[in-house]
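In the working numbering, the protein residues as written are 1 to 590.
Structure first, commentary second.
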């Protein structure tokens, strides 16, 4: 980092001066220390000139009161970037002081050797002469801080985060962009880090928001010590970022993880760190931050301290998400997205009693895009309701085709997200579509995934009640995947539980899995709730479920999800699974 050099005689004169003052330079969006006086070192209890310069360059307000850091940082930035004069009052306590002192800083822009980005700041301890007079100190403290905070807040440009005193997102990106240029000049590789704590919400629920703020403030201090004040920032909540060079990265990460365990008296959370190295691809700093965040979020479910690099696999996943988002409307318009139908059969007779409609996206350039690659993207973007309304219209189209072919209609189930009900009046829109097509409500079944139980229970209850009053049947999908509890039976009036396929896959593994399924099915039978087993693939699974009393079954044993044309052919060629199986056996005997 290049730094302005004072003439040697002038620098020596500054260094021996008993008056507390400093000379700074503003360059590359950063404040750099040019010279310090002996009085400055004495005032702030700094042992050596080198220690003082290093502290100011990395963590200028290390000893300032946490509530004052953001305010005086903003005032200082306004001064060096735009102003001629500077005045700030703040609380400061060094390691050798028991209480906070009031520091008054006054600054002026100076012009030297053709440079106009130099500044001199004088410091004075307003409470130095009041030692022992506690009431007088408190009175002055209240007067100075109240007045200066009021003035400072009104004048602030909010470049610094109030809680941690770190640069906010906007200012951090400016600093990182300038820092990247400097690294290039020094033949260093820039690296962006994006950091997020695991389960901050649970921490706040358990310990309170004050304790959560304390953790974030202490983590902010750790980031300043590790990377420097102007190389780390807080974006929002428990989301932080930093930039460094690849050579320093390993040592800084080791320090960060080791020291974090000691922060807040050990009451901390695991930290996830996403890393974007410029060697992958040179991109604007904002894009590098986005990619570091993608890496950070890629292992969101992991409750351990770790770091993840943005790599080719994540890059491809990101490209896929961008493709989904950018081409979704085009896909709907051109019918690239279709409903595939998977039959649901009666466990005893093998007759098809229902169908489930599943969205399949067939891209002309990318081929079949799996649902787990486009549905979460649409849900995050608040667009899933458009897909589900499209699916309703496709289901109606399929029902009309069945009627024309003389095929008896069966209810078709569609899985809806809670976000559908936040985005639009979904029930009313479904009713309107059915009414216009002349289709009875009994032919549409609403499926709500078990995951929704943990998202918004009150909304879920009102949604189920609303659909029931309108005459719809409501099923619980994926029972046993996440939030299963016997309370579901009492609190949510579902007509049917769909047993998650994980249950079925474990059938052959141990007796406990079989016993659990038997108990669940027995309980639902006693209270009048039907069951569908998903993912049935073998005759052994089907027979066990039939003997347990499972009402219906669904899986590849009977049929994979089929496009409309294949579904119509299935109905025309096979009345039901059992009869089709019997016909095959008779053909073998003949």
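Glycine included, every Cβ here is placed at the ideal spot set by N, Cα and C.
For residue 274, the enclosing beta strand (DSSP E) covers residues 271-277. Considering only 324, 331, 445, 474, the residue with the shortest C-alpha distance to residue 380 is 324. Taking the Cα positions, residue 569 is about 33 Å away from residue 506. As computed with DSSP, residue 233 is found in a beta bridge with 241.
Secondary structure of residue 83 (DSSP, three-state): coil. In the three-state scheme derived from DSSP, where H, G and I count as helix and E and B as strand, residue 305 is classed as coil. Here the C-alpha atom of residue 223 lies approximately 59 Å from the C-alpha atom of residue 442. Assignment of residue 39 by DSSP, reduced to helix, strand and coil, places it in the helix class. Contiguous beta strand (DSSP E) elements confined to the region 362-418 occur at 367-369, 412-416, taking only those with 3 or more residues. Taking a C-beta distance under 8 Å as the contact criterion, residue 105 and residue 31 do not qualify as a contact pair. One alpha carbon belongs to residue 3, the other to residue 218, and they sit about 30 Å apart. Rounded to whole angstroms, the gap between the alpha carbons of residue 424 and residue 385 is 7 Å.
If the five residues before and after residue 304 are omitted, its C-beta is found closer than 6 Å to the C-beta atoms of 270, all from its own chain and listed in chain order. Looking at the backbone, the Cα of residue 61 and that of residue 84 are separated by about 22 Å. A distance below 6 Å between beta-carbons, with the five flanking residues on each side excluded, links residue 35 to the following residues of its chain, in chain order: 6, 11, 14, 23.
Of all alpha-carbon atoms in 187, 467, 339, 366, the one lying nearest the alpha-carbon of residue 564 is that of 339. In the structure shown, the three-state DSSP call for residue 561 is coil.
The alpha carbon of residue 466 has as its nearest neighbour, out of 353, 478, 426, the alpha carbon of 426. Annotation: residue 405 to residue 346 spans about 23 Å, alpha carbon to alpha carbon. With 16 or more other Cβ atoms from the protein chains shown falling within 10 Å of its own Cβ, residue 196 counts as buried.
Ranked by how close their Cα comes to the Cα of residue 265, the residues 240, 214, 289 have 214 in first place.
Taken through DSSP and simplified to helix, strand or coil, residue 457 comes out as helix. Residue pairing from DSSP places residue 105 in a beta bridge opposite 88, 123.
Residue 497 is bridged by DSSP to 476, 531. Here residue 425 is not bridged, per DSSP, to any residue.
The three-state secondary structure of residue 333, taken from DSSP, is helix. For residue 195, the secondary structure class from DSSP, reduced to helix, strand or coil, is strand.
Taking 8 Å as the cut-off, the beta carbon of residue 367 is found no closer than this to the beta carbon of residue 310. DSSP, read as helix, strand or coil, puts residue 97 in coil.
The residues 88, 90, in chain order, have a CB closer than 6 Å to that of residue 72 in the same chain once the five nearest residues on each side in sequence are set aside. Inclusion of residue 341 and residue 355 in the CB contact set at 8 Å is warranted, their separation being smaller than that value. Looking only at 226, 210, 518, the smallest Cα-Cα distance to residue 54 is reached by 226. A direct Cα-to-Cα measurement between residue 33 and residue 220 gives close to 22 Å. For residue 499 against residue 534, the beta-carbon gap comes to about 6 Å, under 8 Å, which counts as contact. At least 8 Å separates the beta-carbon of residue 554 from that of residue 545.
The continuous alpha helix (DSSP H) containing residue 49 extends over residues 49-59.
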